[in-house]
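Inspection log for the structure reproduced underneath, given as structure tokens.
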Amino acid sequence: MFLSLPDAEATFQLGKILGESLFAGTVLLLKGDLGAGKTTLVQGIGEALGIKDPILSPTFTLINEYTEGRLPLYHLDLYRLQPQETEGLYLHLYWEGIEITPGIMAIEWAERLLYLPPNYLNIELSFTKDLQRQAKIDLIGEIDLDLSKLSDRAF
525 MFLSLPDAEA TFQLGKILGE SLFAGTVLLL KGDLGAGKTT LVQGIGEALG
575 IKDPILSPTF TLINEYTEGR LPLYHLDLYR LQPQETEGLY LHLYWEGIEI
625 TPGIMAIEWA ERLLYLPPNY LNIELSFTKD LQRQAKIDLI GEIDLDLSKL
675 SDRAF
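Shown next, in the form of structure tokens:
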């Protein structure tokens, strides 16, 4: 599914719509250039989950955990890591719900992962020639998520 996102507010709104539909255990792999809107999308998801804390990119901390919303939100940023360094993060503990309360896992710069979860929402954000944004969204594996709200919506 391709969506046109004319500005940052549209990207935020896409995040809100997704956040209203996501369930515990959902993994979002976010890909795109710097400034394409990955963190803005996660901010919209956080608002939909009822998270009051400001959601900032965890570029230097690697992961921010927000537990006060409808579901926990685990926000990761792998920008500063080489692919071989991601293996030592034991991210499967999050997406398998082992030792970690299941929630929403949003991973920025997911193209750096050496291994992927079996089921995830792949979101690629990019710029168009006229400097608008677009999102390509794919459901990978067995993920029961209805994206029909998105296809009928003009951002």
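Just add 524 to the spot in the sequence shown (first one is 1) and you have my numbering. The beta-carbon is built from N, C-alpha and C at its ideal position, and this holds for glycine as well. If you're wondering where the values come from, they're calculated on a predicted model, not measured in any experiment.
Rounded C-alpha distance that separates residue i from residue j
i	j	result
residue 572	residue 596	12 Å
residue 657	residue 674	15 Å
residue 490	residue 635	Given that the chain is displayed from residue 525 to residue 679, the structure contains no residue 490 and the question cannot be resolved.
residue 619	residue 533	29 Å
residue 633	residue 603	6 Å
residue 479	residue 652	Beyond the ends of the chain as shown, which are 525 and 679, falls residue 479; an answer cannot be given.
Limits of the alpha helix (DSSP H) - the one that residue i falls within
i	result
residue 569	562-573
residue 672	672-675
Cβ-Cβ distance between residue i and residue j below 8 Å
i	j	result
residue 628	residue 550	yes
residue 554	residue 647	yes
As assigned by DSSP and simplified to three states, the class of residue i
i	result
residue 657	strand
residue 541	helix
residue 598	strand
Terminal residues of the beta strand (DSSP E) in which residue i lies
i	result
residue 632	628-632
For residue j and residue i, believed in contact at Cβ under 8 Å, the rounded distance
i	j	result
residue 587	residue 600	5 Å
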